[in-house]
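Only one structure is covered here, and it is reproduced in the block below.
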Amino acid sequence: MTTDQILLFSLFAIVFALLIWGRWRYDLIAFVALVTALVLGLVPTELAFSGFGHPATIIIALVLVVSRGLVNSGAVDLITRRLTSLDLKLSSHIAAMGGLGALFSAFMNNVAALAMLMPVDLQAAAKAKRAPRITLMPLAFATILGGLITLIGTPPNIIIAAYREDALGTPFSMFDFAPVGLVCAIVGIVFIMVIGWRLIPGSRDAKAPMVDLLDQEGYLAELLVSKDSPAVGMLVRELDSAADDSDVAVVGLVRSNKRLAGQARNVEIRAGDILVVDAGAKGIDQFRGAMKLQFDGENRHEKAESGGMVLMEYVVPRYARIEGRSAISLRLLVRHGVTLLGVSRQGRKFRERVRKLDIEAGDILLLLGPVDRVPDAAQWMGVLPLAERGLSVTQYRRAGLAAGIFAAAIAVASFGWLYLAVALAIVVAAYVALDIVPIQEVYQHIEWPVIVLLGSMIPLGAALEESGGTALIAGGIVELTSGFHVVVVLTVLMVVIMTLSDVLNNTATAVIGAPVAVDIANRLGANPDPFLMVVAVAASCAFLTPIGHKNNTLIMGPGGYKFGDYWRMGLPLEILVIAVAIPAILFFWPL
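Here it is in structure tokens:
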């Protein structure tokens, strides 16, 4: 080996060891490794930060913003709400959630898909009085499998497509991954539904801790009935089914500024009435979307120059300005453009209108308003913020528009009329212009540690390839499998990449694996595409540990899993993926 190869292999060995150790953040480790390579002269200075402008890096950042837009618009919630309203048996629930998770993961970042569906699954577990550990791991694995289906479903696919363009002249297109990805996803989800969930330790009787994703804090809030609401003409008691789906209790009705007696259960709802509900912040927002209701002052907020409404929670300390006074007496909406949407008072009920209620010390307030006004109004009132829970106001009226823009972009990119990065950039620009993703939030939803990791690893991977390091790895695999059929070579490559992905970040694994795959194909005189597909599938399918894929990490706390719980379902699933993927790759991508 040359000096450069020895230094690069040593540097990668240190990086891998530090990533497995987990003491420091992976983005910091990768960036320090890049700087070290620059100092040692292993990476040319002019290519130092080329990874940050690489198409793969840009596409991943854009996909994360687009994913947030689809969530903000309610396009995703409209589907999940119907699913949670069904009373499904456990295996059917796992199949439905897994299928839905895989579908969402195919067209949005799979981490975002899990983050969005996890509260839904926790809610279903609470209703069914079962431990969430039974269904969270199947959901996480299903979202990982769904990411295999399209180019934008998971970062390794984007990296592999971009490397193919560098190596062979043209990238993989949007749905080139679909044939193999669909086979792996379908077979994998069927396995999870029938057998996999039974292999999770304690899956039948475990009492894992429930986290605050269910939004247990109950607020008394008011929602305005609009003219086009399906609630118009219904009796209040007829809303029970829709209310239950959102974990909301309708506790009263206000008409002509007067609250009707009792809970007004047998009163017919009219446009302009106000429904009084008792629910958590997310439940209120979901019920509002389901029944096409409006928040008090919603039209005023949407016209605010700053754009972007938020829900924020505050606790009232003693001697706060609002203590002993009401929102209407402080003229909160008129002065600050902020609505007091709900009040929580240790489970106590009260008959007064929310805006007329005298606030007491210890109350928890749910404030609604433009993102740049709510904190200022809260400071003026003297209230203190609770821990950030990521509450947002879903814009259900823009669901069709958001989905349509995204679908159009995917279509033009799939037909080759626009480069994918350009098509996604147009979607992001449209979402910002339409305030689907407020401009203040654009950068908040980009996962910067992943961007730094990828931007740092791409130059290192290129340096390893340029130095001949990847050729050495490829030569070792070819020599190890010498005399065997090419199927054995592909299988060994998949096992190696999959093993690395179980202990490393899947993005880093794809960066290293892509040039190795092409080098092996060139040595064998074979088509590089099946070898690249092997790396794409293997880099994403990390099911053995909680550190192999971010989705595995996300469920660890809510599901009450231990480090050693993952391999019990993950190992047979990885073996199944290998058994299914190799024949599928050879069928759809002949040598």
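Residue numbers (full-length UniProt numbering): 1 to 591.
All C-beta atoms in this analysis are idealised placements derived from N, C-alpha and C, irrespective of residue type, glycine included.
Asked: Measure from the alpha carbon of residue 596 to the alpha carbon of each residue in Phe52, Arg23 and Phe16, then state which is nearest.; Found: The shown model of the chain, from 1 to 591, leaves out residue 596, and the question about it has no answer.
Asked: Only counting the same chain, and skipping five residues up and downstream in sequence, which positions put a Cβ closer than 6 Å to that of alanine 221?; Found: Val277, Ile284, Leu341 and Gly342
Asked: Name the two residues that bound the continuous alpha helix (DSSP H) containing arginine 68.; Found: 55 to 72
Asked: Comparing alpha-carbon positions, which option in Leu472, Ile160 and Ser326 lies nearest leucine 365?; Found: Ser326
Asked: In whole angstroms, give me the CA-to-CA distance for methionine 309 and alanine 425.; Found: 23 Å
Asked: Buried or exposed, going by whether 16 or more other CB atoms sit within 10 Å of the CB of arginine 198?; Found: exposed
Asked: Among the candidates Glu447, Arg321 and Leu293, whose CA atom is the shortest distance from the CA of alanine 271?; Found: Leu293
Asked: Taking contact to mean 3 or more Cβ pairs, one atom from each stretch, closer than 8 Å, check whether the segment 526 to 542 and the segment 113 to 130 are in contact.; Found: no
Asked: So, is glycine 74 buried or exposed, given that buried needs 16 or more other C-beta atoms within 10 angstroms?; Found: buried
Asked: Determine the contact status of serine 344 and tyrosine 219, defining contact as a CB-CB distance below 9 Å.; Found: yes
Asked: Alpha carbons only, please: which of Ile446, Phe287, Leu148 and Lys282 is nearest the one belonging to serine 241?; Found: Phe287
Asked: Please report the distance separating the alpha-carbon of alanine 579 from that of alanine 399.; Found: 40 Å
Asked: Using a 10 Å radius around the Cβ and a threshold of 16 neighbouring Cβ atoms, would you call alanine 433 buried or exposed?; Found: exposed
Asked: Could you check if valine 254 is buried or exposed, using at least 16 other CB atoms within 10 Å of its CB as the buried criterion?; Found: buried
Asked: In angstroms with no decimal places, state the Cα-to-Cα distance between leucine 38 and threonine 45.; Found: 7 Å
Asked: Using the Cα positions of methionine 210 and valine 371, report the straight-line distance between them to the nearest angstrom.; Found: Note that methionine 210 has pLDDT 43, beneath the 50 cutoff, so the model's placement of it is unreliable and the number below is only indicative. When rounded, the distance between both Cα atoms is 29 Å.
Asked: Would you mind reading off the limits of the alpha helix (DSSP H) that contains glutamate 465?; Found: 448 to 466
Asked: Use the C-beta contact count for phenylalanine 177: other C-beta atoms within 10 angstroms, 16 or more gives buried, fewer gives exposed.; Found: buried
Asked: The alpha helix (DSSP H) with glycine 252 in it runs from where to where?; Found: Counting along the chain, glycine 252 falls outside any alpha helix (DSSP H), though it belongs to the beta strand (DSSP E) covering 249 to 255.
Asked: Should residue 603 and alanine 378 be called a contact, given that it needs their Cβ atoms to be closer than 9 Å?; Found: Lying before the first or after the last residue shown, residue 603 is absent from the chain, which here runs from 1 to 591.
Asked: Where serine 67 and methionine 1 are concerned, what is the direct C-alpha to C-alpha distance, given to the nearest angstrom?; Found: 45 Å
Asked: Can you list the alpha helix (DSSP H) stretches of 4 or more residues lying completely in the segment 541 to 586, in chain order?; Found: 550 to 554 and 556 to 559
Asked: What's the call for glutamine 444, buried or exposed, on a 16-neighbour Cβ count within 10 Å?; Found: exposed
Asked: May I ask you to list the residues that DSSP assigns as paired with phenylalanine 295?; Found: Leu223
Asked: Alpha carbon to alpha carbon, what distance is there between alanine 56 and alanine 30?; Found: 17 Å
Asked: Anyone know if the C-beta pair for glutamate 268 and leucine 239 falls short of 9 Å?; Found: no
Asked: For asparagine 342, does the three-state DSSP call read helix, strand or coil?; Found: The question names asparagine, but residue 342 is glycine in the sequence shown. Correct three-state label for glycine 342: strand.
Asked: Can you have a look at serine 467 and say buried or exposed, based on whether 16 or more other CB atoms are within 10 angstroms of its CB?; Found: buried
Asked: Return the first residue and the last residue of the alpha helix (DSSP H) that proline 234 is part of.; Found: One point to set straight first is that residue 234 is methionine, not proline, in the sequence displayed. Segment: none, methionine 234 is in no alpha helix (DSSP H) and carries neither H nor E.
Asked: Looking only at its own chain, which residues have a Cβ that is under 6 Å from the Cβ of tyrosine 396, when we skip the five neighbours before and after it?; Found: Gly74 and Gly289
Asked: Any idea what DSSP makes of methionine 174, helix, strand or coil?; Found: coil
Asked: Have a look at alanine 508 and proline 546 and give me their C-alpha separation to the nearest angstrom.; Found: 16 Å
Asked: Within 10 Å of its beta-carbon, does threonine 3 have 16 or more other beta-carbons around it, so buried, or fewer, so exposed?; Found: exposed
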